[in-house]
């Protein structure tokens, strides 16, 4: 089943399904036609959703590989969340739980976390391990 996210209309409260290829776009509510904002929060994804979103993304994508038990990951989480809001419409932010998706973590040779990968045009453009602040992550996403 193709990945989609649900966007709640700020005008009428209707749920709108947003396919992977449209996550960074400003759409319109199917019910009342009010503009819908682009996704402004990190999306927790599994391997199938990851592959679909990375393959369809027309904007840079920052992926945060993390685990619940990881202290630096917990420190990075609020920074990642705020970054997703700041770059809404210009980039996407995904989160991959390395405990739930070990094959995906292995695919990118994740050996320490948090581990960040920036994708451009479906290809890894940058990979960094360790805690990083929001300002540095934002720089990674700018051309």
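Numbering (this note's numbering), first residue to last: 3 to 145. Glycine included, every Cβ here is placed at the ideal spot set by N, Cα and C.
Give me the Cα-Cα distance between residue 60 and residue 73, rounded to the nearest whole angstrom.
Translated into positions along the chain shown, residue 60 becomes position 58. Translated into positions along the chain shown, residue 73 becomes position 71. Their Cα atoms are separated by approximately 32 angstroms.
Is the beta carbon of residue 25 sitting closer than 9 angstroms to the one on residue 31?
Against the chain shown, residue 25 aligns to sequence position 23. Against the chain shown, residue 31 aligns to sequence position 29. Not a contact, by the Cβ cut-off of 9 angstroms.
Are the beta-carbon atoms belonging to residue 27 and residue 44 less than 9 angstroms from one another?
Here the question's residue 27 lines up with position 25 in the chain shown. Here the question's residue 44 lines up with position 42 in the chain shown. With respect to the 9 angstroms criterion, residue 27 and residue 44 are not classified as neighbours on the basis of their beta carbons.
Locate the beta strand (DSSP E) running through residue 66, then write down its first and last residues.
Counting from 1 along the chain shown, the entry for residue 66 is found at position 64. Taken as a continuous stretch (DSSP letters only), the beta strand (DSSP E) holding residue 66 covers 63–68.
Enumerate, from N- to C-terminal direction, the unbroken beta strand (DSSP E) stretches of 3 or more residues contained entirely within the stretch 8–86.
Note on the stretch 8–86: whole beta strand (DSSP E) runs with a minimum of 3 residues are 17–21, 63–68, in chain order.
Could you give the distance in angstroms between the alpha-carbon of residue 34 and the alpha-carbon of residue 20?
For the purposes of this step, residue 34 is identified with residue 32 of the chain shown, where counting begins at 1. For the purposes of this step, residue 20 is identified with residue 18 of the chain shown, where counting begins at 1. Annotation: residue 34 to residue 20 spans about 16 angstroms, alpha carbon to alpha carbon.
Opposing strand residues paired with residue 125 [DSSP bridges]
In the chain shown, residue 125 corresponds to position 123, counting from 1. In the DSSP output, where bridge partners are listed per residue, residue 125 has 122.
Which of the three DSSP states is assigned to residue 102 in this structure?
Position 100 of the chain shown, counted from the start, is the residue given in the question as residue 102. In the structure shown, residue 102 sits in coil (DSSP, three-state: anything other than H, G, I, E or B).
Count the other CB atoms within 10 Å of the CB of residue 8; is the residue buried (16 or more) or exposed (fewer)?
On the chain shown, residue 8 is found 6 positions in, with the first residue counted as 1. Around the beta carbon of residue 8, fewer than 16 other beta carbons sit within 10 angstroms, so the residue counts as exposed.
Alpha-carbon spacing of residue 53 relative to residue 80, whole angstroms:
Numbered from its first residue, the chain shown carries residue 53 at position 51. Numbered from its first residue, the chain shown carries residue 80 at position 78. Cα atoms of residue 53 and residue 80: separation of roughly 25 angstroms, rounded to the nearest angstrom.
Thinking just about the alpha-carbon of each residue, which of 87, 71, 15, 78 is nearest to the one in residue 40?
Against the chain shown, residue 40 aligns to sequence position 38. Comparing C-alpha distances from residue 40 to each of 87, 71, 15, 78 shows the shortest one belongs to 87.
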